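Student: Numbering (our numbering), first residue to last: 4 to 87. For glycine and all other residues, C-beta sits at the position ideal for the given N, C-alpha and C. Here the structure is a predicted model, which means the values were calculated and not measured. I am attaching a structure below and will ask some questions about it afterwards.
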């Protein structure tokens, strides 16, 4: 199983939305052990959807730093949830 790591900036007093989402994933996994696979899968699906939406909102300079151009970002955001 792959672990998702999210690093929040140290200067920020409030956790980032991604850090809060990761905490929810961890909590969901630890609360119900019998349904861990389903909870983890659902949380990852939600996280991927959120990341794809946020990818479209980024300026071109940020996309370039991540190794994407605008067309690649749009293709990535258009992927269905079952495609990683």
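If you draw a straight line from the C-alpha of residue 71 to the C-alpha of residue 63, how long is it?
Tutor: By one-based count along the chain shown, residue 71 stands at place 68. By one-based count along the chain shown, residue 63 stands at place 60. Those two C-alpha atoms are separated by around 8 Å.
Student: Just to confirm the assignment, what range does the alpha helix (DSSP H) spanning residue 41 have?
Tutor: Within the chain shown, the letter at position 38 stands for residue 41. Where residue 41 is concerned, the enclosing alpha helix (DSSP H) stretches over 39-60.
Student: Assuming residue 74 is part of the alpha helix (DSSP H), what are its boundary residues?
Tutor: Taking the chain shown and counting its residues from 1, one reaches residue 74 at position 71. Looking at the DSSP string, the run of the alpha helix (DSSP H) that includes residue 74 is 73-80.
Student: Could you check the C-alpha separation between residue 8 and residue 68 for me, to the nearest Å?
Tutor: One-based indexing of the chain shown puts residue 8 at position 5. One-based indexing of the chain shown puts residue 68 at position 65. In this predicted model, residue 8 has a pLDDT of only 49, less than 50, meaning its place in the structure is not dependable; the value taken from the coordinates is given anyway. Computed Cα separation, rounded: 19 Å.
Student: If you count every other CB in all the chains shown that lies within 10 Å of the CB of residue 81, and 16 or more means buried, which is it?
Tutor: Here the question's residue 81 lines up with position 78 in the chain shown. Per the 10 Å Cβ criterion, exposed.
Student: Give a yes or no on whether the C-beta atoms belonging to residue 77 and residue 59 are separated by under 8 Å.
Tutor: By 1-based counting over the chain shown, the position of residue 77 is 74. By 1-based counting over the chain shown, the position of residue 59 is 56. Yes, the Cβ-Cβ distance between residue 77 and residue 59 is below 8 Å.
Student: Beta-carbon separation of residue 27 and residue 46 under 8 Å?
Tutor: Position 24 of the chain shown holds residue 27. Position 43 of the chain shown holds residue 46. When the beta-carbon positions are compared, residue 27 and residue 46 come within less than 8 Å of each other.
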